[in-house]
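Trainee: Questions regarding the structure given below will be posed in turn.
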Amino acid sequence: MSRIGKMPIEIPQGVDVSVSSDSVTVKGAGGALTQPVHRLVRLERDGSRLRVELTDDKAVEAGALRGTTRAVLANMVRGVSKGFERKLNLVGVGYRAQAQGNRLNLQVGYSHPVAKEMPEGIKVECPTPTEIVIKGADRQAVGQIAAEVRAVRPPEPYKGKGIRYANERVVLKETKKK
Numbered sequence: 000m001s002r003i004g005k006m007p008i009e010i011p012q013g014v015d016v017s018v019s020s021d022s023v024t025v026k027g028a029g030g031a032l033t034q035p036v037h038r039l040v041r042l043e044r045d046g047s048r049l050r051v052e053l054t055d056d057k058a059v060e061a062g063a064l065r066g067t068t069r070a071v072l073a074n075m076v077r078g079v080s081k082g083f084e085r086k087l088n089l090v091g092v093g094y095r096a097q098a099q100g101n102r103l104n105l106q107v108g109y110s111h112p113v114a115k116e117m118p119e120g121i122k123v124e125c126p127t128p129t130e131i132v133i134k135g136a137d138r139q140a141v142g143q144i145a146a147e148v149r150a151v152r153p154p155e156p157y158k159g160k161g162i163r164y165a166n167e168r169v170v171l172k173e174t175k176k177k
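Anchor point for the sequence shown: position 117 equals 116 in numbering that gives the first Met the number 0, and the numbering is continuous, going up by one each time.
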């Protein structure tokens, strides 16, 4: 049985949660997020708390769905109230990033600049030319966009040049000896 699924979700002030039979919508200062709810779980609201309950205790996947649903809903509540961010660093001579509106322009060693469009709800900032900060309310979308930006030029194992997460540690390989 899922321990995470048993824990209630605290709903802070300024966040509105509306539950229907097959989906849940969370609205707050950071935006609005909607998530479908599986038929094996149901949501119960007690004041400022939201609980995920099982509809069928005998189903094998019900416990896992309960924990997953609870984690996704907690991330939705946190996303619309505080938001999520992912930081990336550019390592390499001449590697630069520039944010222009909802577009990220990268110069990372190719013969041409690489432009990456940000989807709705995702903001990108470049405090310095070698730092990228991706922000948004949807945790999955922020992580996916960060992974796509990193995939433009992942860190190579010999010199460590490329785009990496701020907390990522790249283990360098030793070069070939004569």
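No residue lacks a Cβ here, since even glycine has one placed at the ideal position from N, Cα and C.
(1) Comparing alpha-carbon positions, which option in Ile10, Ala136, Arg95 and His111 lies nearest Gly212?
(2) Helix, strand or coil for Arg102 per DSSP?
(3) Can you confirm whether the segment 108–120 touches the segment 47–63 when touching is taken to mean that 3 or more C-beta pairs between the two stretches lie within less than 8 Å?
(4) To the nearest angstrom, report how far apart Val169 and Gly93 are at their CA atoms.
(5) Which value, in whole angstroms, describes the spacing of the CA atoms of Leu103 and Ala165?
(6) Hey, is Gly66's beta-carbon within less than 8 Å of any beta-carbon in chain D?
(7) Apply the 10 Å Cβ neighbour rule to Thr127 and answer buried if 16 or more other Cβ atoms are within range, or exposed otherwise.
(8) Helix, strand or coil: which one does DSSP assign to Asn88?
(9) With C-beta atoms as the reference, is Arg152 less than 8 Å away from Gly161?
(10) Between Arg95 and Thr129, is the Cβ-Cβ spacing less than 8 Å?
Mentor: By the coordinates alone:
(1) Residue 212 is absent from the structure shown; the chain starts at 0 and stops at 177.
(2) If DSSP states are grouped into helix, strand and coil, Arg102 belongs with the strands.
(3) Between the segment 47–63 and the segment 108–120, the count of Cβ pairs shorter than 8 Å is below three; the stretches do not touch.
(4) Distance from the CA of Val169 to the CA of Gly93, rounded to the nearest whole angstrom, comes to 20 Å.
(5) Those two C-alpha atoms are separated by around 17 Å.
(6) Here chain D cannot be found, since the structure has a single protein chain.
(7) Its Cβ having fewer than 16 others within 10 Å, Thr127 is exposed.
(8) Secondary structure of Asn88 (DSSP, three-state): strand.
(9) A contact, by the Cβ cut-off of 8 Å.
(10) In this structure, Arg95 lies near Thr129, with their beta-carbon atoms less than 8 Å apart.
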